[in-house]
């Protein structure tokens with residue numbers, strides 16, 4: 001499994017810990033540090049002293065798409081799964097998803113449901129500023145996804161040019177290939193709401209999402 005991180009010293013330990021409890025299902029945690037200049041490396045190296053199946057790689061800051069792709073490249077195993085450094089896997093995430101694959105052999109990608117939570121360091125007033133879903137909902141997110149490596153390769157790499165929306169771009173390409181997704185009713189991803197959420201920082205990011213969706217529509221029109 002692959003965790004991209006940039007300046008994630010506050011949250012990376014909790015993210016990795018949420019994965020460690022499910023280690024019976026896979027061999028490695030690959031942490032790709034995308035040019036952090038805080039103490040992310042120190043936090044991860046401390047965990048590595050106790051867990052030898054955590055692998056840490058540093059790269060110059062090139063974006064989360066490049067980091068995820070690098071993680072895919074150097075990781076091993078039949079299945080791929082991801083987690084952002086500020087989020088958490090729900091307990092039994094992998095058990096739920098592996099069982100879904102066993103029970104539904106025709107599916108290509110398994111997701112699940114996502115639940116948002118307020119990061120403990122936020123005050124009540126700070127938390128009220130964020131417009132976030134207050135209910136459990138389908139988890140269209142890289143951190144909720146489990147798929148076979150061959151399926152990922154069929155779709156192709158994450159975009160390395162999008163500032164945000166790399167997963168949206170990837171998933172739209174998967175839909176264009178008519179890949180089958182399955183969403184069990186169980187929560188598999190806990191998404192942290194905090195002041196550093198990149199998707200919350202600027203309205204201009206929505207322009208990237210619009211561009212990604214338009215590109216997908218254009219591809220579909222050209223194929224029809």
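Numbering (UniProt numbering), first residue to last: 1 to 224. Cβ coordinates follow ideal geometry from the N, Cα and C atoms, glycine included.
Item, Value
"Residues near residue 75 by beta carbon distance below 8 angstroms, same chain, minus five either side", "1, 2, 28 and 30"
"Segment limits, beta strand (DSSP E) that includes residue 115", "113–118"
"Separation of residue 169 from residue 42, as counted between CA atoms", "33 angstroms"
"Beta strand (DSSP E) segment containing residue 31, residue limits", "29–34"
"Selection from 173, 50 and 36 that minimises the alpha carbon distance to residue 58", "36"
"Alpha carbon of residue 165 to alpha carbon of residue 207, nearest angstrom", "10 angstroms"
"Whether residue 180 touches residue 107 by CB criterion (9 angstroms)", "yes"
"Backbone CA spacing between residue 87 and residue 12 [nearest angstrom]", "8 angstroms"
"Nearest residue (CA-CA) to residue 118, options 223, 135 and 105", "135"
"Residues that residue 193 bridges to, as DSSP identifies them", "118"
"Boundaries (first-last residue) of the beta strand (DSSP E) holding residue 55", "54–59"
"Member of 223, 120, 10 and 81 whose CA lies at the smallest distance from the CA of residue 44", "10"
"Span of the alpha helix (DSSP H) around residue 161", "Looking at the DSSP string, residue 161 is not in any alpha helix (DSSP H), and its letter there is neither H nor E."
"Close-in-space but distant-in-sequence residues of the same chain around residue 51 (CB under 7 angstroms, 5 per side omitted)", "20"
"Proximity below 9 angstroms, CB of residue 144 to CB of residue 182", "no"
"Per-residue burial, residue 77 [other beta carbons within 10 Å of its own, 16 or more giving buried]", "exposed"
"Neighbour-count burial assignment, residue 217, 16 or more Cβ in a 10 Å radius", "exposed"
"Burial state of residue 113, where buried means 16 or more other Cβ atoms lie within 10 Å", "buried"
"Residue 22 versus residue 90 - alpha carbon distance", "10 angstroms"
"Spatial distance of residue 98 from residue 191 (CA atoms)", "21 angstroms"
"C-alpha gap between residue 220 and residue 5, whole angstroms", "33 angstroms"
"Identity of the residues DSSP links to residue 2 by a beta bridge", "30 and 82"
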